[in-house]
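Protein chains in written order, with our numbering: chain A, 1 to 496; chain B, 1 to 496.
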């Protein structure tokens, strides 16, 4: 029997996944262990791998195979493995081949320059320096969106890169309703959180003890160390290097164990998702993560809903005291309170759980207006500062503490920020549903048995891969697409 | 100007070097950090990379480029960069393309099976189990030699794989003269070494202290940690992953610091060679190591000539006592004596510096006779045991302690063993020459200043890459090709 179009696609994209995950190993090594002088050769290696992957996945014959496979492969429904794969491969092929070479080159040149200029502009806290580059980036991003194609609005094409299936009008409505309700919580939550100052945890936390404790917690929530590891980097991340090779990283502060512990809980949340994908389908759309907003829901669920709860500390405080004896005498409530601070501030990456999404909503609204042409890049600082005052009640002192703080736009990342808040909303919605679907969930969590929750997440979220897009995956798991109310309930319960 | 054949070759083999070194990163990661469950996917990644490299470097157009480059590129002499590269690329292309596909496939199948059978046979200590596989391996190795081509004798074609330019008749003459002279030293050296028992070093050596001490020693001899690292593996090795990325590994025994220290000195010797290759030409023949026998000379030089000398311990014993206080009271002579044991034994990998090469000479003579057809595989155990008695004076109790102890032949490695002894001979010859060429060498070594020696090795051995083959490189550096006398003088001076 001659090889079918589907088999050819399968073999080709499997080959690409092998090379892509090889680039993943090189990237991981670069962050963890690469000697400093080795960086230049590493860049050449990655460029060669990237070129090879690009050629493998954009070769003209793939278009024909996709057409043939779409015409000949019949599946019971669109969530069948073969249908999922063909849809995913076509999506990737279209994304890669619809952009004219001239646009790809200009994009690469522009972002490369913009990154340096942004760093300079932030240092000087002077938006004017960055403005012409932002204008160019916005213009090119609009061209990208047009080349990819869109229906309701142009921004959808960019959002779709990170959150396939999401519609920005719907996201905008959800976020617009969410903002004021979170804003109203900030002051009372700040006051309540002040009852348990962080100084309750003052002390020395040796790195080796932190590592041992983190490892025990990560294993307890289900992270499989026979198929994964934890290493140290400046910026924590999680990366899947193969179907049974998931690597987390964290960073250590010997004055504050919570930085590494919650880093590990966050990254292990991503890692559990990665380990829960179907190993046999790893690297195929059916065995790949659904979206960034779903991925982030898994990290935030373990970090915020499980790890920073009183139930968690009721179970884990005695063990923490074994490792850090000076914590003896604290109650689980004090511990939970001390690590759950609330304090409005200017910088997103330092924001607490209550105010974090206000930072995101602001960015989402600004970049959507930029892409839709409703806001001129020159107007960004004013728009930023005004929204910041409304949402967080603070007056932005300068651009470095305002619209120049994030690297994202200089990389051309438009459509990315929203996935952080979608992740938080999804996490709360999934926990709400899990409490209804998993019998005795709260008592198993209280006893430190995380298997029932993980089992449910595996079935509902991890195993499906890209069988459904994110809105539909949420509907299948919880009965409705992403909503704001569960997250608001969570914040109220935890902080008010 | 259109791209010349030389430029096309250069670009193609540079691309191949990027992918080959990428495979190196994956291999290194597999030995050091890969989670156990990740092995299967890693094997697939490596197979894809290997296939891609093979296609890149064996494409038919390369034959034409090689012919054209050979005809059009004129260089002042054969050691010029371009001439060196063309020669090296042609050598690699011929080696890869001269073997018929059927032979490559049969080789792969046969060695894969033979490795398992060998492990089984060694466990049972029963050569008969392995014999038919050895017969097949020898027959295929002969076919390989014939496909590659040879002049004086068939074994040369196999030796050339690891030691380009070496002639086995010459090696055989050198080894045949060496064997009896080393044999004659074994008994007196054993008696003398017994004066300083290893028990002088008994004590606990924490791994962290060993790591710090080893690192200090490696940096002192010139290993550049900004372009390299040391990690932990079961089997120590050194691998170059790029022009400025050289990775060593060692293993730790908390009862015996010398195992990790001499492991590091040995691998750092390889690493210094790697770091001394021309960075700009890395991955091209002009920037690649000359041969295994030259590579091994660098590791043995630092391990045996520098690291296990009284001068070394005069400098380093006080520092060792800082890390391992229970060593206080030892003299440098006692330390040197305690780590320089001599004791004839059956297993090569446990052999001391005096008897080690007797193990190699035996293997070289047997495998050469196998390939030349002068010895039937069925006769290997008798030949082994007889030679062992003559060279080491011991009666081999069984095949596991005799001809079944090494994995090499089951992998099809014929021609490899000789490079260990060539390395020892080269090391002694180079040290002899360095003492004549480098003013004040002994006093700089005594003061712990290793830069003058490294500087000389860099110029004479490292920087030339493959500009000359190993015999010629030794002639350029020392005035003669590899000889036995300097090694014998070294052994006599150190052990008698």
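In this text, a Cβ means the ideal position worked out from N, Cα and C, and glycines have one as well. The structure displayed is predicted, hence computed values, not measured ones.
1. At the 8 Å Cβ level, is residue 272 of chain A part of the contact set with chain B, yes or no?
2. Ignoring anything shorter than 4 residues or poking outside the region 308-345 of chain B, list the alpha helix (DSSP H) runs there in chain order.
3. So, helix, strand or coil for residue 53 of chain A, using DSSP?
4. Determine the chain B residues that contact residue 249 of chain A at a beta-carbon separation under 8 Å, and present them in chain order.
5. What does residue 243 of chain A touch in chain B if you count any residue whose Cβ is under 9 Å from its own?
6. Leaving out the 5 sequence neighbours to the left and right, which residues in its chain are closer than 7 Å to residue 1 of chain A when beta-carbon positions are compared?
7. Flag this pair as yes or no: are the beta carbons of residue 225 of chain B and residue 267 of chain B separated by less than 8 Å?
8. Give the DSSP-derived three-state secondary structure of residue 38 of chain A in the structure shown.
9. Residues in the same chain with beta-carbon distance under 6 Å from residue 515 of chain A, minus the five sequence neighbours each way, listed in chain order, please.
10. List the residues of chain A that residue 228 of chain B touches, going by C-beta distances under 9 Å, in chain order.
11. Out of B/20, B/272, B/450 and B/163, point me to the one whose CA is closest to residue 423 of chain B's CA.
12. Inspect the beta-carbon positions of residue 205 of chain A and residue 256 of chain A and report whether they are closer than 8 Å.
13. Candidates B/181, B/286, B/405 and B/60: which alpha carbon is nearest residue 86 of chain B's?
14. Tell me, to the nearest whole angstrom, how far the beta carbon of residue 381 of chain A is from that of residue 228 of chain B; I am working on the premise that it is less than 8 Å.
15. For residue 218 of chain B, collect the residues of the same chain with a Cβ closer than 6 Å to its Cβ; drop the 5 residues on either side in sequence, then sort them by chain order.
16. Kindly list, in the order they appear in chain B, the residues whose Cβ is closer than 7 Å to that of residue 232 of chain A.
17. Out of B/362, B/194, B/39 and B/99, point me to the one whose CA is closest to residue 384 of chain B's CA.
18. On the DSSP letters alone, give me the boundaries of the alpha helix (DSSP H) that residue 469 of chain A sits inside.
19. From the beta carbon of residue 190 of chain A, is the nearest beta carbon of chain B less than 8 Å away?
20. Alpha carbons only, please: which of B/492, B/429 and B/457 is nearest the one belonging to residue 481 of chain B?
21. Quick one: which residues of the region 4-21 of chain A get their C-beta closer than 9 Å to a C-beta of chain B? List them in chain order.
22. On the three-pair Cβ rule with 8 Å, is the region 242-257 of chain B touching the region 47-60 of chain A?
23. Counting only beta-carbon separations shorter than 8 Å, does residue 237 of chain A have a partner in chain B?
24. Report the neighbours of residue 211 of chain B on chain A: residues whose CB is nearer than 8 Å to its CB, in chain order.
25. Leaving out five residues on either side along the sequence, give the residues of the same chain with a beta carbon under 6 Å from the beta carbon of residue 447 of chain A.
26. Quick one, which of A/416, A/183, A/445 and A/198 has its alpha-carbon nearest residue 309 of chain A's?
27. State the DSSP-derived secondary structure class of residue 165 of chain B, mapped to helix, strand or coil.
28. Among all the DSSP beta bridges, which residues are the ones paired with residue 250 of chain B?
29. For the region 49-65 of chain A, which residues have a CB atom closer than 8 Å to at least one CB atom of chain B, in sequence order?
30. Taking Cβ positions only, does residue 45 of chain A come closer than 8 Å to chain B?
31. Looking at C-alpha atoms only, which residue of B/386, B/274 and B/188 is the closest neighbour of residue 243 of chain B?
32. So, are the CB atoms of residue 66 of chain B and residue 98 of chain B less than 8 Å apart?
33. Is the beta carbon of residue 147 of chain B less than 8 Å from the beta carbon of residue 100 of chain B?
34. Taking 7 Å as the cut-off, is the beta-carbon of residue 278 of chain A closer than that to any non-hydrogen atom of the ligand FMN?
35. Can you find a CB in chain B that lies within less than 8 Å of the CB of residue 342 of chain A?
36. Going by DSSP, what residues sit across from residue 238 of chain B in a beta bridge?
Answer, in terms of the structure:
1. no
2. 310-323 and 332-339
3. helix
4. What residue 249 of chain A touches in chain B: nothing, since even the nearest Cβ is about 12 Å away.
5. 37, 38, 40 and 41
6. Low local confidence applies: a pLDDT of 46 at residue 1 of chain A is under 50, so the model's placement there is unreliable, with the coordinate-based value given in what follows. Closer than 7 Å at Cβ, skipping near neighbours: no residue.
7. no
8. helix
9. Because chain A here runs from 1 to 496, residue 515 of chain A falls outside it and cannot be looked at.
10. 35, 37 and 38
11. B/163
12. yes
13. B/286
14. Actually they are not in contact, since the Cβ atoms of residue 381 of chain A and residue 228 of chain B sit about 47 Å apart, beyond 8 Å.
15. 264 and 268
16. Those within 7 Å of residue 232 of chain A in chain B number zero; the least Cβ separation is about 12 Å.
17. B/362
18. No alpha helix (DSSP H) contains residue 469 of chain A, which DSSP labels as neither H nor E.
19. no
20. B/429
21. 14, 15, 18, 19 and 21
22. no
23. no
24. Within chain A, no residue comes near residue 211 of chain B; the closest Cβ sits about 14 Å away, beyond 8 Å.
25. none
26. A/445
27. coil
28. B/232
29. 49 and 52
30. yes
31. B/274
32. no
33. yes
34. For the ligand FMN, the structure offers nothing, since it holds no ligand at all.
35. no
36. B/248
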